[in-house]
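Engineer: Got a structure here, written out as structure tokens. Questions coming.
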Amino acid sequence: MAAQIKDTGAHSAPVVVLEGASKRFGALKALDGVDLSIAPGECLGLVGHNGAGKSTLVNLITGLFEPSDGRVAYPGAHDPRGAGIRAISQEGMLCPNLTALENLQVVQRDLTGAGWRKRAGERIRSQLDRIFPGHRIRPETPVLDLTLAEQQMVEIAIGFAEGEAPARLVVLDEPTSSLDAAIAAQLLAHIRRFCANGGAVIFISHMMGEIFEVASRIVVMRDGRSIADRPAAAFTRQGLVDAMGHVAEDGHQPSPAALARTLGDKSHPILRTPEGIEARKGEIVGLAGLAGHGQAEALARFYLSQSSDWRATPAPAAVFVAGDRRRDGLMPIWSIRRNLTLAALATLTRRGLIDRAAEARVGADWQKRIGIRTPDMSNPILSLSGGNQQKALFARALATTAPVVVMDDPMRGVDIGTKTEVYDMIRAEAANGRTFLWYSTEMDEIRNCDRVFVFRNGVISAELEGNRITEENVLAASFELGEDVA
103 MAAQIKDTGA HSAPVVVLEG ASKRFGALKA LDGVDLSIAP GECLGLVGHN
153 GAGKSTLVNL ITGLFEPSDG RVAYPGAHDP RGAGIRAISQ EGMLCPNLTA
203 LENLQVVQRD LTGAGWRKRA GERIRSQLDR IFPGHRIRPE TPVLDLTLAE
253 QQMVEIAIGF AEGEAPARLV VLDEPTSSLD AAIAAQLLAH IRRFCANGGA
303 VIFISHMMGE IFEVASRIVV MRDGRSIADR PAAAFTRQGL VDAMGHVAED
353 GHQPSPAALA RTLGDKSHPI LRTPEGIEAR KGEIVGLAGL AGHGQAEALA
403 RFYLSQSSDW RATPAPAAVF VAGDRRRDGL MPIWSIRRNL TLAALATLTR
453 RGLIDRAAEA RVGADWQKRI GIRTPDMSNP ILSLSGGNQQ KALFARALAT
503 TAPVVVMDDP MRGVDIGTKT EVYDMIRAEA ANGRTFLWYS TEMDEIRNCD
553 RVFVFRNGVI SAELEGNRIT EENVLAASFE LGEDVA
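According to this note's numbering, the sequence shown is numbered sequentially starting from 103.
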């Protein structure tokens, strides 16, 4: 249990130490001479754009990779498991066909013999209760039957759960990416308690407010190097963005469709859904509200109503960008190029065969346009960082001629620089007449929309437009005060 860790003084031995740690993958140097030490009681905020080396650094700490040069040491222990190091991946590592308690047994080897199910159920339930009071998740439920947010909650609970040896260092990679604000706040409060009791956390997030809320120290990664390592109080938000090497643009430029409407354009919507969502040509329409209130389901119903379930067409009516890459987006054993060109396959086929030269041209064009960081588009898609994988999924959608792009919280775990690039591309595509339906759990993204439909309990509780798209109005419409802004 986290509360049993305590007994941490200023001179306690570090949990893990890296000295000149480097990692190469062929010609690519993913990590370059990193020195790092993490002590009990610390919450280390690890930030940097996608591809900066954060995941490689974590994989060295957890023992998944061996360093090409330098060393990784665990004072007082022989390996990461003995050091009490646990990790919660951004991509999710639960076995979907197993229950929550069975997933706990996979990683906790002492759960064997008679009565292990009862003990596993008690462990996972007590940790869920501790971190997420009021969660309503049953340990006997198969992971497949849980929502994406509930799956993330279970994975987090497994990472912190008591076991044969206590968790001393927990790596959290974008842990709030599928959680709404209230549940995320519960997790951040638990992280503070865990570190106050002597535990250590590596917290990776592209949401700066979360970093400043929990981190005692921040390390900035760029191009495989640690370029800044200071107490969190020594950074400002803008200073942190500058250290990462990209300054995000402020403000929001409405799409031409929104500007035309303000001047009295009465054009008819090009789409209407049974829930009441409407959108015009060139408009960016957002879906907001607390996670799990029907937004994703509404998008899925619309997209499936517009697409064939058995054959591709050269001119699709709509195209889909998934937020859950592993489940809904990636073909994990395919190359980057083949993942990118999948939706445009019908336009690349000649007499039943794929035109490989045309496929290569499309891949090279979109690699350049959207900035996919790889030396070779024939590399496996999983060789990319999470943000670059998401860029490939955006390129897959935009490489088609579909007039409507459906986006299901597609920026989960994507850094601020990549987000800014994608926002600019969305606005450019909207200016050319494409319509976007965009569900997001992040208010900064909702502000990029021309019009927003807020969902509560599966129905639209408010429609916001222009300067009425504010966090206060979205929150009001998400709860019982919704009638005030409808």
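Beta carbons are placed, not taken as given, at the ideal position from N, Cα and C, and that holds for glycine.
What you are looking at is a predicted structure, and each value in this text was computed from that prediction instead of being measured.
Run through the DSSP bridge pairs and tell me what arginine 324 is partnered with.
Structural biologist: Note: arginine 324 sits in a beta bridge opposite Arg327.
Engineer: Distance check for alanine 578 and threonine 476, CA to CA, integer angstroms please.
Structural biologist: So the two alpha carbons sit approximately 43 Å from each other.
Engineer: Start and end of the alpha helix (DSSP H) containing methionine 509?
Structural biologist: Per DSSP, methionine 509 belongs to no alpha helix (DSSP H); it is in the beta strand (DSSP E), 506-510.
Engineer: Sorted by chain position, which residues of the same chain lie with C-beta nearer than 8 Å to alanine 350's C-beta, five sequence neighbours on each side aside?
Structural biologist: Confidence is the limiting factor: at alanine 350 the pLDDT is only 38, short of 50, which leaves the residue's position unreliable and the question unanswerable from this model.
Engineer: Are there 16 or more other CB atoms within 10 angstroms of the CB of serine 580, so buried, or fewer, so exposed?
Structural biologist: Serine 580 should be labelled buried.
Engineer: Apart from the five residues on each side of it in sequence, which residues of its chain come closer than 6 Å, Cβ to Cβ, to valine 119?
Structural biologist: Once the five neighbours on either side are set aside, the close Cβ partners of valine 119 are Ser139, Ala175.
Engineer: Secondary structure at lysine 383, three-state DSSP: helix, strand or coil?
Structural biologist: The answer is coil: DSSP assigns lysine 383 none of H, G, I, E or B.
Engineer: Name the residue from Asn441, Cys551, Thr201, Ala334 whose alpha carbon lies nearest to the alpha carbon of glutamate 385.
Structural biologist: Per the Cα distances, Cys551.
Engineer: Less than 8 Å separating the beta-carbons of threonine 449 and phenylalanine 404?
Structural biologist: Contact flag unset, no.
Engineer: Comparing alpha-carbon positions, which option in Pro177, Leu162, Gly178 lies nearest aspartate 171?
Structural biologist: Of the listed residues, the one whose Cα sits closest to aspartate 171 is Leu162.
Engineer: Identify whether arginine 553 lies in helix, strand or coil by the three-state DSSP scheme.
Structural biologist: Three-state result, arginine 553: strand.
Engineer: Tell me serine 540's beta-bridge partners as DSSP assigns them.
Structural biologist: The residue asked about is misnamed: residue 540 is tryptophan in this sequence, not serine. BP columns for tryptophan 540 point to Gly388, Met509.
Engineer: With 16 as the cutoff for other CB atoms within 10 Å, does asparagine 575 come out buried or exposed?
Structural biologist: By the neighbour-count rule (16 or more Cβ atoms within 10 Å), asparagine 575 is buried.
Engineer: Which residue comes first and which comes last in the alpha helix (DSSP H) that contains arginine 514?
Structural biologist: Here arginine 514 belongs to no alpha helix (DSSP H), and DSSP marks it neither H nor E.
Engineer: Going by beta carbon distance, what residues of the same chain come within less than 7 Å of histidine 370, once the five residues before and after it are set aside?
Structural biologist: No residues qualify anywhere along the chain.
Engineer: Just to confirm the assignment: which complete alpha helix (DSSP H) runs, minimum length 4, are found wholly within the segment 459-498?
Structural biologist: Listed in chain order, there is nothing to give.
Engineer: Confirm, please, whether the CB-CB distance from alanine 334 to glycine 143 is below 8 Å.
Structural biologist: Cβ distance not < 8 Å, so glycine 143 and alanine 334 don't count as in contact.
Engineer: Pick from Ser485, Arg463, Gly489, Ala462: whose alpha carbon is nearest that of glycine 473?
Structural biologist: The shortest Cα separation from glycine 473 among Ser485, Arg463, Gly489, Ala462 belongs to Gly489.
Engineer: Rounded to whole angstroms, what's the CA-CA distance from valine 149 to threonine 338? Just pull it up for me.
Structural biologist: Cα to Cα, valine 149 sits roughly 13 Å from threonine 338.
Engineer: CA-CA distance, alanine 154 and histidine 292?
Structural biologist: Each residue's Cα considered, the two are about 28 Å apart.
Engineer: Using 8 Å as the cut-off, can you tell me whether the segment 178-191 makes contact with the segment 126-137, which would need three or more C-beta pairs spanning the two stretches below that distance?
Structural biologist: Contact fails: fewer than three Cβ-Cβ distances are below 8 Å.
Engineer: Just confirm the distance between the C-beta atoms of isoleucine 438 and leucine 486, as a whole number of angstroms; I'd bet it's less than 8 Å.
Structural biologist: About 6 Å separates the two Cβ atoms, so the contact holds.
Engineer: Please work out which residues of its chain come closer than 6 Å, Cβ to Cβ, to proline 182, disregarding the five sequence neighbours upstream and downstream, and give them in chain order.
Structural biologist: Hits under 6 Å: Thr164, Gly165.
Engineer: Quick one: what's got a C-beta closer than 6 Å to arginine 427's C-beta in the same chain, skipping five residues either side?
Structural biologist: Once the five neighbours on either side are set aside, the close Cβ partners of arginine 427 are Gln491.
Engineer: Could you tell me which uninterrupted alpha helix (DSSP H) segments, each at least 4 residues in length, are contained entirely in the segment 283-314, listed from first to last along the chain?
Structural biologist: DSSP runs (the alpha helix (DSSP H)) wholly in the segment 283-314: 283-298.
Engineer: My output table needs one value for glycine 122: the three-state DSSP class, helix, strand or coil.
Structural biologist: Correct three-state label for glycine 122: strand.
Engineer: Within the same chain, show all residues whose beta-carbon is closer than 6 Å to that of valine 421, passing over the 5 residues directly before and after it, in chain order.
Structural biologist: Excluding positions up to five away in sequence, the list reads Ala445, Ala499, Thr502, Ala504, Val507.
Engineer: Terminal residues of the continuous beta strand (DSSP E) containing leucine 130?
Structural biologist: 130-140 is the span of the beta strand (DSSP E), which, as asked, contains leucine 130.
Engineer: So is asparagine 441 in contact with chain D if we call contact Cβ pairs under 8 Å?
Structural biologist: Any reference to chain D falls outside this structure, which holds one protein chain only.
Engineer: Roughly how many angstroms separate the alpha carbons of proline 512 and arginine 238, rounded to a whole number?
Structural biologist: Straight-line Cα distance between these residues: approximately 27 Å.
Engineer: Taking a contact to mean a Cβ-Cβ separation below 8 Å, would you say valine 321 touches valine 272 in this structure?
Structural biologist: No, they are not a contact pair.
Engineer: Between phenylalanine 557 and glycine 378, is the Cβ-Cβ spacing less than 8 Å?
Structural biologist: No, the pair does not count as a contact, with Cβ atoms beyond the cut-off.
Engineer: Compare the beta carbon distance of leucine 281 and valine 245 with 8 Å and say whether it is the shorter of the two.
Structural biologist: In this structure, valine 245 does not lie closer than 8 Å to leucine 281 by Cβ.
Engineer: What residue range is occupied by the uninterrupted beta strand (DSSP E) comprising glutamate 565?
Structural biologist: Taken as a continuous stretch (DSSP letters only), the beta strand (DSSP E) holding glutamate 565 covers 561-567.
Engineer: Are there 16 or more other CB atoms within 10 angstroms of the CB of cysteine 297, so buried, or fewer, so exposed?
Structural biologist: By the 10 Å Cβ count, cysteine 297 comes out buried.
Engineer: Select from Gly223, Phe496, Ile571 the residue whose C-alpha is nearest the C-alpha of aspartate 526.
Structural biologist: Nearest option by C-alpha distance: Phe496.
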